[in-house]
Each structure stands twice: as structure tokens, then as C-alpha cells.
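Trainee: Quick note, the sequences are listed as chains A and B, same order.
47 is the number that the numbering used here gives to position 47 of the first sequence; each next residue is one higher, with no gaps.
494 is the number that the numbering used here gives to position 182 of the second sequence; each next residue is one higher, with no gaps.
Just so you know, even glycine gets a beta-carbon here, dropped at the ideal spot from N, CA and C.
Pasting a structure here, questions to come.
Number of protein chains: 2
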Amino acid sequence: MEKLAADVLAGSQRALARAISVVENNDEGAAVLLASLFPRTGRAETIGITGPPGSGKSTLVDKMIALYRRAGKRVGVLAVDPTSPFTGGAILGDRVRMFTQVQGDGVFVRSMASRGHLGGLSRSCPEAIQILDAAGFDIVLVETVGIGQDEVEVARFADATVVVLVPGLGDDMQIMKAGIMEIGDVFALNKSDRPDAGKVERDFMNAIELLERPDGWRPPLIKTVALKIETVGELINAIATYGTFAREHGILEKKRRDLVVHSLRQMLSEEIQERAFQKMGQQRLAAVVDSVLRREAHPRMLAADLAREIMG
Amino acid sequence: MEKLAADVLAGSQRALARAISVVENNDEGAAVLLASLFPRTGRAETIGITGPPGSGKSTLVDKMIALYRRAGKRVGVLAVDPTSPFTGGAILGDRVRMFTQVQGDGVFVRSMASRGHLGGLSRSCPEAIQILDAAGFDIVLVETVGIGQDEVEVARFADATVVVLVPGLGDDMQIMKAGIMEIGDVFALNKSDRPDAGKVERDFMNAIELLERPDGWRPPLIKTVALKIETVGELINAIATYGTFAREHGILEKKRRDLVVHSLRQMLSEEIQERAFQKMGQQRLAAVVDSVLRREAHPRMLAADLAREIMG
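This is the structure we're talking about:
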């Protein structure tokens with residue numbers, strides 16, 4: 001793993017891909033690998049990009065990559081796919097193929113499944129970001145689809161979160177926005193050349209009016225058309241402006257601290273859970289399950305009893 | 313709490329509403345309440361209904377309620393709302409108002425937030441189902457929006473899961489279906505009188521062709537139009553057919569057993585986590601977080617050390 005870590009630091013794309021797989025699959029040595037790379041992290045800027053399916057996020061990300069490259073920045077992209085709940089595999093794997101045309105020359109793209117691994121996205125994604133950070137990428141873009149748990153997670157570990165809106169997704173989708181209004185540091189109204197873009201803009205303005213962020217930031221709405229590269233440039237500028245604000249107002253520092261607390265809590269509880277179930281054993285678990293199925297005892301009561309027994 | 317439990321069993325709608333709040337907020341006495349009601353559970357049939365925003369789920373559910381009532385069945389409805397990640401509150405609260413016209417006379421409707429509570433939906437929703445079950449509801453409908461973690465959870469604790477598809481949601485949405493293909497026991501193609509319904513049907517047939525369920529069930533696609541009540545009747549018949557299949561092939565039994573194992577694991581790990589963090593203390597946690605922020609140690613290493621220390 002020290003060799004792999006050295007290869008990642010030396011800039012090998014193959015080593016990078018392997019290192020992320022090690023972390024994603026939680027292979028043996030993942031902790032050692034991460035520990036080796038950890039001192040070299042802390043320089044990358046992480047940007048989350050989220051929005052409903054059909055909002056043109058991928059094309060937008062493609063143009064963002066081009067602009068960041070033009071500015072001499074190395075860009076890592078993590079495309080988070082909804083996971084099939086049964087197979088644990090990513091279901092939008094073809095997005096990676098879409099991005100691969102830009103791969104190489106300072107760009108690295110990787111698809112990640114949102115679930116099915118120990119700790120899910122909330123463990124593997126920040127760790128993949130750490131690896132890209134250590135490998136010297138200046139910008140790490142994390143793209144997610146839809147609205148749900150994944151988006152909340154991404155907002156937690158991205159330095160800035162861009163929410164992509166789009167005209168014509170219907171009223172239900174407009175309501176959904178209420179949930180992501182609070183996640184976005186910068187909003188992109190994509191496909192803004194469509195005639196019905198004005199309605200989304202008005203809805204946004206009404207919604208943002210009601211939003212009171214405790215940190216005092218007022219998220220802007222940038223009208224983008226992916227094929228008009230200057231509009232994507234405005235989006236990138238808005239992200240940078242937020243970045244400066246977040247650094248100057250202690251928001252970034254607080255966010256990174258909160259993330260560490262969150263990660264630690266999660267990892268610690270996984271470790272403890274693992275040990276607890278080992279202590280309990282399969283036979284004991286089966287007997288307890290049987291007593292619940294016979295409705296002799298409610299799971300809550302049993303859980304409390306067992307915890308007391310295990311932890312002392 | 314024994315009084316509340318008795319009132320729930322006696323059929324008081326007010327007691328029912330309060331009991332679900334007690335569980336949702338995890339108020340003191342929640343465990344006692346659930347333990348009192350638990351022996352009276354096990355008769356209700358739980359049906360999950362999920363699908364993208366704009367698919368007309370709510371109207372469909374409305375008609376299903378009417379048909380179940382016509383058959384003399386008492387119906388409880390849990391409408392799971394996406395939760396605002398910041399406030400922890402439900403963002404689609406007006407859906408409850410929509411349903412309230414049918415409330416009373418053997419129908420009870422309740423909105424639930426998907427997150428923001430201890431253990432989230434995966435704890436509070438099965439417990440709310442238990443309360444409705446004990447109160448004598450024959451059918452418990454659990455409605456969720458979108459695709460994501462919530463849907464996977466609902467599929468876990470519903471006896472049968474209905475996935476609602478709809479024409480015209482674009483290609484990205486069609487891809488999303490791949491994730492829910494494996495969740496649905498019965499599919500409803502709603503708004504099936506639209507001209508583009510044929511495409512969704514063909515896509516479904518292609519997708520179902522590839523799906524190999526280990527339990528041997530082949531999920532049917534029922535074409536519904538919410539205003540044509542006979543089509544909703546066909547949907548209800550298909551759900552009943554699956555129910556018989558699931559009982560006869562041991563699927564239901566396995567599902568309920570798996571749910572108990574899952575619930576127990578989750579509750580036990582919550583209990584243990586709580587105790588572990590108490591043992592560690594705030595000061596110790598702050599010191600550990602600082603060492604991570606200084607990049608002296610990776611969270612993984614620290615978590616393992618702390619778990620060893622706490623658990624012995």
C-alpha cells in the first residue's frame with residue numbers, strides 16, 4: 001500500500017484508479033493507504049453538483065472541466081450513481097464513458113456507486129476526495145443525480161454545492177426544490193434559453209426570499225446554457241466568490257470540522273457495531289429474532305437489554 | 313402510555329395521531345407504548361407505493377383507499393415526505409391536506425418526515441405501521457416520493473411494493489427506473505391513456521425481461537388511469553395476487569424475518585453508539601477532531617483505536 005500511495009503521489013492515473021477502488025471496496029490496507037496519503041491532503045477545492053435527472057448536469061460539468069483546465073487547474077471528477085438496491089452496483093455507469101473523452105491531461109473521472117459499500121457514499125466519497133486531493137488535483141467535482149440522501153451527504157463534504165435547476169420539470173419538481181434550496185451555495189438555471197425559464201427564475205427568487213441562512217450568504221442564481229461557454233464561466237466565478245466568502249467568514253473551517261466529527265462518529269459506530277455483533281454471535285441473534293417474530297418482546301426493549309449486556 | 317395504548321386499541325383517531333407522534337419524536341415512553349401494542353400486531357397488510365414526482369401517486373392512492381373501503385377494509389396511510397436536510401421538517405406537508413377529505417370512517421392519513429429523527433424513516437415508519445396494525449387497520453399504505461434511500465427502505469418493510477411509472481418523464485427518468493425495477497412487486501403505468509404510454513410499456517417489458525428475481529415472481533405492469541376506477545381495481549387485484557404468491561412461497565415470512573434482523577441491528581447499533589459517545593465525552597471527542605484537522609491521524613485509525621478502548 002505504501003507503493004500504491006507513492007504511485008498516487010507521483011501522478012499515476014492507474015494507481016489513482018486502483019487506490020479509489022481499494023477505498024470503495026474497503027479492501028485490506030485501505031486504512032494504511034489513506035493514512036499514508038492523509039498528510040498530503042487539504043489543498044483541493046471540492047465542489048458538489050446536484051440536480052434532477054434531465055437537468056443537463058453532465059454537459060455542464062464537461063464545460064466546467066474545460067474552463068478549469070484552461071485556467072491551468074487539474075480536475076478530478078467523482079460521478080455518484082444511484083445504486084441498485086439489490087446488486088449494490090451503479091446503474092448509470094455509462095456516464096463515465098461520456099466523460100472519458102476529456103480524461104487524461106490533468107483530468108481524472110471516476111464513477112462511484114452511492115450504496116452497497118460499508119458506510120456507503122458518506123464514507124467512500126470523502127475518502128476518494130482525499131486521494132484526489134493528495135494526488136494534487138486542484139478541483140474535485142462531485143456530481144450526484146436527483147434529490148435525496150446522497151445530495152445531503154454531498155453538501156456535507158463539498159466545500160461548495162451547486163444546485164442545477166432546469167425549466168419544464170413540472171410542478172412536483174418545483175416543490176422538490178424546497179428540499180434543495182437549503183443545500184445550494186450557488187444555483188445554476190441550466191437550459192436558461194428555454195422560453196419557460198422565466199417561471200423557474202421567479203419561483204427561485206420567491207423561495208430564496210424566504211431562505212435565511214445562518215451564515216449570511218445569499219445564494220445567487222446563474223443562468224447557464226451549456227453550449228455558451230461564457231455562461232459556464234459566470235457559474236465558475238460565482239463558485240469562486242462563494243469560496244472566498246466561506247473562507248473569510250469561517251464557514252469553510254466550520255464545515256470541515258463538522259465533517260470530521262461526522263466521519264468519526266460514523267466510523268466509530270461502524271467499528272463498535274461490528275464488535276458488538278461479533279460478541280453476540282449468530283445463534284444468539286437468531287434466538288432474539290425468533291422472540292420478536294413470536295411477538296414476545298419488542299425490538300426496542302431487546303436492543304436496550306443487549307446494549308447493556310455488551311457494553312457493561 | 314398504557315392509557316394511550318388502550319385508546320389506540322379502542323379506535324380513537326386522536327390517540328392514534330398522538331401515538332405516532334410519540335414514536336416519530338422518540339418521546340419518553342415510546343418503547344413502553346410500542347411494547348404494549350406489539351402483541352396486537354401482525355394482521356395488517358402493508359403496501360408501499362413509490363414513483364417519481366408527477367406520476368400521480370397521490371390520486372392513485374386516493375382511489376385505492378376508496379376501493380379498499382368499498383370492500384369493507386380499514387385503511388391507514390403513511391405519506392412519507394422528503395425532509396429538509398437543515399430543518400428536519402417535511403417539505404410536502406400539503407399532501408396531508410389533500411388526503412384529509414377521505415379521513416375518518418375507517419381511513420387514517422398521516423404524513424411522516426423521511427429524516428431528522430433518530431434512526432430516520434427506517435425506525436419510525438415500521439413503528440408507525442405497528443401502531444396502525446394494532447389499531448386494527450387491515451391495509452397500511454406507505455407512499456413515498458422519488459427514488460432513493462427512502463424507497464429502498466419502504467421496499468424493506470412493506471409486504472408488497474407498487475412502483476408507479478408514468479409516460480413523458482424523459483430519458484434520464486427512464487434510466488432511473490433501472491434502480492426501481494428490482495424494488496417493484498407490482499408496477500402501475502399511470503396516466504396510461506397518454507399517447508406516449510406505449511414507449512414506457514415497451515421499455516418496461518425490455519427491462520423486466522432482464523430481471524431475474526430469486527423468488528421467481530414476475531412483476532406485472534398494470535395500466536392505470538386514476539379516474540377510471542376499474543383500472544385501479546385491477547391494480548388492487550394484482551397486489552392481492554402477489555400477496556398470495558408471497559405467502560405461499562415463504563417470501564412474506566422471509567421478508568418479515570429480515571426486517572426484524574435489520575431493525576434489531578439498527579436499534580442495537582444506535583444504543584451502543586449512544587453509550588460509546590457518552591463514555592468518550594465531549595472533551596475527548598474535540599481533542600480527537602483537532603488531531604484529524606492537523607492531519608496527524610486519519611479518522612479510520614482513530615475510530616479503530618477508540619472502539620478498542622471503549623469495547624475492550
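I'd like to check one pair, residue 229 of chain A with residue 63 of chain A: are the Cβ atoms closer than 8 Å?
Mentor: Yes, Cβ-Cβ distance for residue 63 of chain A and residue 229 of chain A is below 8 Å.
Trainee: Give a yes or no on whether 8 Å exceeds the smallest Cβ distance from residue 306 of chain B to chain A.
Mentor: There is no way to answer for residue 306 of chain B, as the model of chain B reaches only from 313 to 624.
Trainee: Indicate whether at least one CB of chain B lies closer than 8 Å to the CB of residue 1 of chain A.
Mentor: Residue 1 of chain A does not count as touching chain B.
Trainee: Using C-beta distances below 8 Å, list every residue in its chain close to residue 128 of chain A, excluding the 5 sequence neighbours before and after it, in chain order.
Mentor: For residue 128 of chain A, where only same-chain residues beyond five positions count, the Cβ hits under 8 Å are 20, 23, 24, 78, 110, 112.
Trainee: What residues in its chain sit with their C-beta under 6 Å from that of residue 238 of chain A, if we drop five residues either side in the sequence?
Mentor: Closer than 6 Å at Cβ, skipping near neighbours: 186, 220, 222.
Trainee: If you follow the beta strand (DSSP E) that residue 111 of chain A is part of, which residue opens it and which one closes it?
Mentor: From DSSP, the beta strand (DSSP E) with residue 111 of chain A extends over 107–113.
Trainee: May I ask you to list, following chain order, the residues of the stretch 243–265 of chain A that have a beta carbon less than 8 Å from some beta carbon of chain B?
Mentor: Answer set for the stretch 243–265 of chain A: 256, 257, 260, 261, 263, 264, 265.
Trainee: Check whether the Cβ atoms of residue 478 of chain B and residue 360 of chain B lie closer than 8 Å to each other.
Mentor: No, they are not a contact pair.
Trainee: Looking at chain B, is there any beta carbon in it that lies within less than 8 Å of the beta carbon of residue 46 of chain A?
Mentor: Closer than 8 Å: no.
Trainee: Determine contact between the stretch 189–196 of chain A and the stretch 283–291 of chain A, defined as no fewer than three beta-carbon pairs at a distance below 8 Å.
Mentor: No, the stretch 189–196 of chain A does not touch the stretch 283–291 of chain A.
Trainee: Suppose contacts are defined by Cβ-Cβ distances below 8 Å. Is residue 362 of chain B in contact with residue 466 of chain B by that definition?
Mentor: The answer is yes: Cβ separation under 8 Å.
Trainee: Below 9 Å on C-beta distance, what does residue 607 of chain B contact in chain A?
Mentor: Ordered by position in chain A, the residues that pass the 9 Å Cβ test against residue 607 of chain B are 38, 39, 40, 41, 42.
Trainee: Over the uninterrupted beta strand (DSSP E) stretch that includes residue 499 of chain B, give me the two end residues.
Mentor: Residue 499 of chain B -> beta strand (DSSP E) spans 498–501.
Trainee: Pair every Cβ in the stretch 250–270 of chain A with every Cβ in the stretch 610–617 of chain B, then say whether three or more of these pairs are closer than 8 Å.
Mentor: Judged by Cβ distances under 8 Å, the stretch 250–270 of chain A makes contact with the stretch 610–617 of chain B, as three or more pairs qualify.
Trainee: Could you check the C-alpha separation between residue 559 of chain B and residue 204 of chain A for me, to the nearest Å?
Mentor: About 49 Å.
Trainee: Can you check whether the CB of residue 67 of chain A is closer than 8 Å to the CB of residue 40 of chain A?
Mentor: In this structure, residue 67 of chain A does not lie closer than 8 Å to residue 40 of chain A by Cβ.
Trainee: Determine, using beta carbons only, whether residue 299 of chain A comes closer than 8 Å to chain B.
Mentor: Chain B contact via Cβ: present.
Trainee: What does a CB cutoff of less than 6 Å around residue 207 of chain A pick up in its chain, not counting 5 residues either side in sequence?
Mentor: So the qualifying residues of the chain are 181.
Trainee: If we cut at 8 Å on Cβ distances, does residue 346 of chain B have a partner in chain A?
Mentor: Answer yes: the Cβ-Cβ gap between residue 346 of chain B and chain A drops below 8 Å somewhere.
Trainee: 8 Å is my cut-off, CB to CB: does residue 321 of chain B come that close to chain A?
Mentor: No - not a single Cβ of chain A is within 8 Å of the one on residue 321 of chain B.
Trainee: Please say whether residue 327 of chain B and residue 319 of chain B have beta carbons closer to each other than 8 Å?
Mentor: The answer is yes: Cβ separation under 8 Å.
Trainee: Identify, in the order they occur along the chain, each residue of the same chain with its Cβ nearer than 7 Å to the Cβ of residue 341 of chain B, setting aside the five sequence neighbours on each side.
Mentor: Hits under 7 Å: 313, 334.
Trainee: Can you name, in chain order, every residue of its own chain whose Cβ lies under 7 Å from the Cβ of residue 385 of chain B, other than the five neighbours on each side?
Mentor: Cβ within range, chain order: 450, 451.
Trainee: For residue 555 of chain B, which of B:607, B:418, B:357, B:323 has the nearest alpha-carbon?
Mentor: Closest by alpha carbon: B:357.
Trainee: Please report the straight-line C-alpha distance between residue 36 of chain A and residue 156 of chain A, rounded to a whole angstrom.
Mentor: Taking the straight line from one Cα to the other gives about 24 Å.
Trainee: Which word fits residue 438 of chain B, buried or exposed, when buried means at least 16 other C-beta atoms lie within 10 angstroms of its C-beta?
Mentor: Residue 438 of chain B is buried by the Cβ-count criterion.
Trainee: With a 10 Å radius around its C-beta and 16 neighbouring C-beta atoms as the bar for buried, classify residue 216 of chain A as buried or exposed.
Mentor: Result: exposed.
Trainee: Is the Cβ of residue 618 of chain B closer than 8 Å to any Cβ of chain A?
Mentor: By this cut-off, residue 618 of chain B is an interface position.
Trainee: Taking CB distances under 8 Å as the criterion, tell me whether residue 361 of chain B reaches chain A.
Mentor: No, residue 361 of chain B lies away from the interface with chain A (no Cβ there is under 8 Å from its Cβ).
Trainee: Quick one, which of A:275, A:233, A:249, A:309 has its alpha-carbon nearest residue 71 of chain A's?
Mentor: Nearest C-alpha to residue 71 of chain A: A:233.
Trainee: For the alpha helix (DSSP H) containing residue 357 of chain B, name the first residue and the last one.
Mentor: No alpha helix (DSSP H) holds residue 357 of chain B; the beta strand (DSSP E) holding it covers 357–363.
Trainee: Could you name the residues of the same chain whose beta carbon sits closer than 7 Å to that of residue 61 of chain A, not counting the 5 residues immediately before and after it, in chain order?
Mentor: Hits under 7 Å: 49, 77, 141, 143.
Trainee: Which chain B residues are close to residue 275 of chain A, counting only those with a beta carbon under 7 Å from its beta carbon?
Mentor: Correct list: 619, 623.
Trainee: Alpha carbons only, please: which of B:537, B:523, B:573 is nearest the one belonging to residue 507 of chain B?
Mentor: Closest by alpha carbon: B:537.
Trainee: Would you kindly work out how many angstroms separate the C-alpha atoms of residue 399 of chain B and residue 184 of chain A, rounded to a whole number?
Mentor: Only weak support exists for where residue 399 of chain B lies, its pLDDT of 38 falling under 50; the value from the coordinates is given anyway. In a straight line, the C-alpha of residue 399 of chain B is about 15 Å away from that of residue 184 of chain A.
Trainee: What does residue 440 of chain B touch in chain A if you count any residue whose Cβ is under 7 Å from its own?
Mentor: Per Cβ cutoff of 7 Å: no residues; residue 440 of chain B is ~14 Å from chain A at best.
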